[in-house]
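Below you'll find the structure, written out as structure tokens, and then a few comments.
Number of protein chains: 2
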Amino acid sequence: MDQSTASPEERQDADLPFDVFSKRCPSRGLLEHATGRWGSLTLGALYEGSLRFNALRRRVDGVSEKMLSQTLHALERDGLVHREAQLVNPPRVDYELTPLGREVAERLLGLIHFVEGRMSEVLAARERYDAAREV
Amino acid sequence: MDQSTASPEERQDADLPFDVFSKRCPSRGLLEHATGRWGSLTLGALYEGSLRFNALRRRVDGVSEKMLSQTLHALERDGLVHREAQLVNPPRVDYELTPLGREVAERLLGLIHFVEGRMSEVLAARERYDAAREV
DNA sequence: CAGCATCCTATCCGATACTG
DNA sequence: CAGTATCGGATAGGATGCTG
Chain A
1 MDQSTASPEE RQDADLPFDV FSKRCPSRGL LEHATGRWGS LTLGALYEGS
51 LRFNALRRRV DGVSEKMLSQ TLHALERDGL VHREAQLVNP PRVDYELTPL
101 GREVAERLLG LIHFVEGRMS EVLAARERYD AAREV
Chain B
1 MDQSTASPEE RQDADLPFDV FSKRCPSRGL LEHATGRWGS LTLGALYEGS
51 LRFNALRRRV DGVSEKMLSQ TLHALERDGL VHREAQLVNP PRVDYELTPL
101 GREVAERLLG LIHFVEGRMS EVLAARERYD AAREV
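So the protein sequences, as listed, match chains A and B. If you use UniProt numbering, the first sequence corresponds to residues 1 to 135, in order. If you use UniProt numbering, the second sequence corresponds to residues 1 to 135, in order.
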């Protein structure tokens, strides 16, 4: 686009090979896996340490077996989560973050804790918004 | 805000009133609005400055009129985006981040730029994963 | 315990048409 | 320009039943 005269301020997203704002960029898919309804909570839960399937399921309150399985597959495929299966009976499988996954989870948790801390503001904004329309 | 005796390290998520990991916490809804497919891109686009509806639509490549409208309503209701309408003809409406929205967008952009920068690792992980199963 | 397969519903979302 | 309304296909996601 503009590779000769871009200032340092513009460079940030001017000539990156991957730009999430363009329709066909694969980074959108990753972002959706990582920030999706279950993806963000799964990464957040695993940040504290490795967990087995059912422990994870209890930690991510409300996730179904199917969705957790699907989410873990996507995150494993993207290289954010590592699956460690032991061939014992009963079976034991541990999930843990990869180094890359840790970095993503860190940023995600920063966001999560931030919004948790500001929920009262959000709730108030919602009430104001709703009150203004139901007249 | 900090009226308990929790240490600074624990305070963050030890006794917060809002916990995104529990099923019925309203912070989940906010997180989904902010990190959803179009929410994150909309907030990211508005971080650079206020934009009009159609400019925003062009910036968030691929978003439909309907989804952008819906996304903006949700973000406005949550108090992350401010809608400024001028009663002129043709109509002119500007969207901009609220102070709270800026803080969310900042963290979101941190994540976005991070994943953009690591996409090659992710793509490689995906190839490895796919190659391992199609045997 | 750690899952996969199937069915079914709710919602997401794009396309199209229309309004002030 | 800045939206709203409606339709229909695609997908997310819950419930249930089964396997190693």
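Ideal Cβ positions, reconstructed from N, Cα and C, are used throughout, including at glycine. Bear in mind that the values here come from a model prediction, so they are computed numbers and not experimental data.
Q.
Quick check on residue 87 of chain A: does DSSP put it in helix, strand or coil?
A. Taking the first sequence and counting its residues from 1, the one referred to as residue 87 of chain A is at position 87. Of the three classes helix, strand and coil, the one that applies to residue 87 of chain A here is coil, per DSSP.
Q) How about residue 36 of chain B and residue 121 of chain A: do their beta carbons lie closer than 9 angstroms? A) In the second sequence, residue 36 of chain B corresponds to position 36, counting from 1. In the first sequence, residue 121 of chain A corresponds to position 121, counting from 1. Not in contact: residue 36 of chain B and residue 121 of chain A (Cβ atoms no closer than 9 angstroms).
(Q) For the stretch 68–83 of chain A against the stretch 25–36 of chain B, do three or more pairs of beta-carbon atoms, one drawn from each stretch, fall closer than 8 angstroms, so that the two count as touching? (A) no
(Q) Between residue 94 of chain A and chain B, is the shortest Cβ-Cβ distance under 9 angstroms, so that the two count as touching? (A) Taking the first sequence and counting its residues from 1, the one referred to as residue 94 of chain A is at position 94. No, no contact with chain B.
Q) What is the DSSP secondary structure of residue 165 of chain A, counted as helix, strand or coil? A) Outside the modelled stretch of chain A, which goes from 1 to 135, sits residue 165 of chain A, for which no answer is possible.
Q.
Residues of chain B with CB closer than 7 angstroms to the CB of residue 62 of chain A, please, in chain order.
A. As a working note, residue 62 of chain A is residue 62 in the first sequence. Residues of chain B passing the Cβ test: 23.
Q | Nearest residue (CA-CA) to residue 31 of chain A, options B:127, B:54 and B:108 | A | Translated into positions along the first sequence, residue 31 of chain A becomes position 31. Nearest C-alpha to residue 31 of chain A: B:108.
Q) Measuring CA to CA, which of A:81, A:28 and A:21 is closest to residue 100 of chain A? A) Locating residue 100 of chain A in the first sequence gives position 100, where the first residue counts as 1. Comparing Cα-Cα distances from residue 100 of chain A to each of A:81, A:28 and A:21, the minimum goes to A:81.
(Q) Helix, strand or coil, according to DSSP, for residue 78 of chain B in the structure here? (A) For this step, residue 78 of chain B is matched to residue 78 along the second sequence. Coil at residue 78 of chain B, not helix or strand.
Q. Count the other CB atoms within 10 Å of the CB of residue 83 of chain A; is the residue buried (16 or more) or exposed (fewer)?
A. Taking the first residue of the first sequence as position 1, residue 83 of chain A is located at position 83. Classification of residue 83 of chain A: exposed, given that the 10 Å Cβ count is below 16.
Q) residue 93 of chain A by DSSP, collapsed to three states: which one? A) Mapped onto the first sequence, residue 93 of chain A falls at position 93. In this structure, residue 93 of chain A counts as strand in the three-state DSSP scheme.
Q | Helix, strand or coil at residue 126 of chain B according to DSSP, with G and I counted as helix | A | Here residue 126 of chain B refers to the residue found at position 126 of the second sequence. In this structure, residue 126 of chain B counts as helix in the three-state DSSP scheme.
(Q) Counting only Cβ pairs nearer than 9 angstroms, list the residues of chain A close to residue 47 of chain B. (A) As a first step, residue 47 of chain B is located in the second sequence; it is residue number 47 there, counting from the start. Within 9 angstroms Cβ-Cβ: nothing; residue 47 of chain B doesn't reach chain A, min ~11 angstroms.
Q: Compare the C-alpha of residue 57 of chain B against each of B:49, B:48, B:42 and B:47 and name the closest.
A: For this step, residue 57 of chain B is matched to residue 57 along the second sequence. Out of B:49, B:48, B:42 and B:47, B:42 has the C-alpha closest to the C-alpha of residue 57 of chain B.
Q: Give me the Cα-Cα distance between residue 13 of chain A and residue 103 of chain A, rounded to the nearest whole angstrom.
A: Position 13 of the first sequence, counted from the first residue, corresponds to residue 13 of chain A. Position 103 of the first sequence, counted from the first residue, corresponds to residue 103 of chain A. For residue 13 of chain A, the predicted model reports a pLDDT of 42, less than 50, meaning its position is unreliable and no value from the coordinates is stated.
Q. Are the beta-carbon atoms of residue 19 of chain B and residue 116 of chain A separated by less than 9 angstroms?
A. The sequence position of residue 19 of chain B within the second sequence is 19, counting from 1. The sequence position of residue 116 of chain A within the first sequence is 116, counting from 1. Their beta carbons are under 9 angstroms apart, which means residue 19 of chain B touches residue 116 of chain A by this criterion.
Q) What in chain A is Cβ-close to residue 35 of chain B, meaning under 8 angstroms? A) Here residue 35 of chain B corresponds to residue number 35 of the second sequence, with the count starting at 1. The answer, in chain order, is 35, 36, 40 and 111.
Q: Report yes if the C-beta distance between residue 94 of chain B and residue 40 of chain B is below 9 angstroms; otherwise report no.
A: Taking the first residue of the second sequence as 1, we reach residue 94 of chain B at position 94. Taking the first residue of the second sequence as 1, we reach residue 40 of chain B at position 40. No, the Cβ-Cβ distance between residue 94 of chain B and residue 40 of chain B is not below 9 angstroms.
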